[in-house]
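The structure appears below as structure tokens.
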Amino acid sequence: MPVIKILPHAEYCPEGKEIEASVGTSICEALLDNGINIEHACDMSCACTTCHVIVKEGFNSLNEAEEEEEDLLDKAWGLQPQSRLSCQAILARENVTVEIPKYSINHAKENH
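In terms of the UniProt record's numbering, the sequence shown opens at residue 1 and continues consecutively.
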């Protein structure tokens with residue numbers, strides 16, 4: 001099982017955390033299943049950027065981003081070359097390290 005290392009984030013994961021997730025699971029699903037309540041305003045339908053993460057390690061092991069995701073990422077706060085929408089980033093067999101950006105473009109938080 002791949003391990004996702006989440007770097008510390010003041011709101012979602014202050015101490016940082018390492019979680020295991022099944023191959024074929026999205027990063028967003030894995031975070032939510034492990035009590036890290038990352039925003040996902042569109043309910044993981046690739047229609048917003050609130051679940052944006054920066055993949056610090058293991059980026060190339062993830063599925064390739066499709067054009068729709070890349071178009072949305074252009075609107076994400078703090079866009080980096082290793083940015084992904086966590087709802088679209090599917091885990092393979094390699095471990096990944098992710099950073100949840102400090103901000104999202106969402107002005108009002110969703111309570112999921």
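Using N, Cα and C, we set each Cβ at its ideal position, and we do this for glycine too. Bear in mind that the values here come from a model prediction, so they are computed numbers and not experimental data.
Could you compute how far the alpha carbon of residue i sits from the alpha carbon of residue j?
{"i": "L32", "j": "D74", "result": "24 Å"}
{"i": "E94", "j": "S22", "result": "11 Å"}
{"i": "E29", "j": "P81", "result": "22 Å"}
{"i": "E99", "j": "K5", "result": "9 Å"}
{"i": "S104", "j": "V96", "result": "21 Å"}
{"i": "E57", "j": "I27", "result": "13 Å"}
{"i": "V53", "j": "L85", "result": "6 Å"}
{"i": "C42", "j": "A10", "result": "23 Å"}
Grab me the residues of residue i's own chain with a C-beta within less than 6 Å of its C-beta, minus the 5 sequence neighbours each way, in chain order.
{"i": "N34", "result": "I19"}
{"i": "residue 113", "result": "Residue numbering for the chain in the displayed model covers 1 to 112; residue 113 lies beyond these limits and cannot be assessed."}
So, using beta-carbon positions, are residue i and residue j closer together than 8 Å?
{"i": "P2", "j": "L72", "result": "no"}
{"i": "C51", "j": "E39", "result": "yes"}
Among residues of its own chain, excluding the 5 on either side of residue i, which ones have a beta-carbon nearer than 8 Å to its beta-carbon?
{"i": "E68", "result": "C46"}
{"i": "G24", "result": "I90 and L91"}
{"i": "E15", "result": "P8"}
At which residues does the beta strand (DSSP E) containing residue i begin and terminate?
{"i": "I6", "result": "V3 to I6"}
{"i": "I90", "result": "Neither: I90 is in no beta strand (DSSP E) and is coded neither H nor E."}
{"i": "E20", "result": "K17 to E20"}
Residue i lies in the alpha helix (DSSP H); which residues open and close that run?
{"i": "I27", "result": "I27 to D33"}
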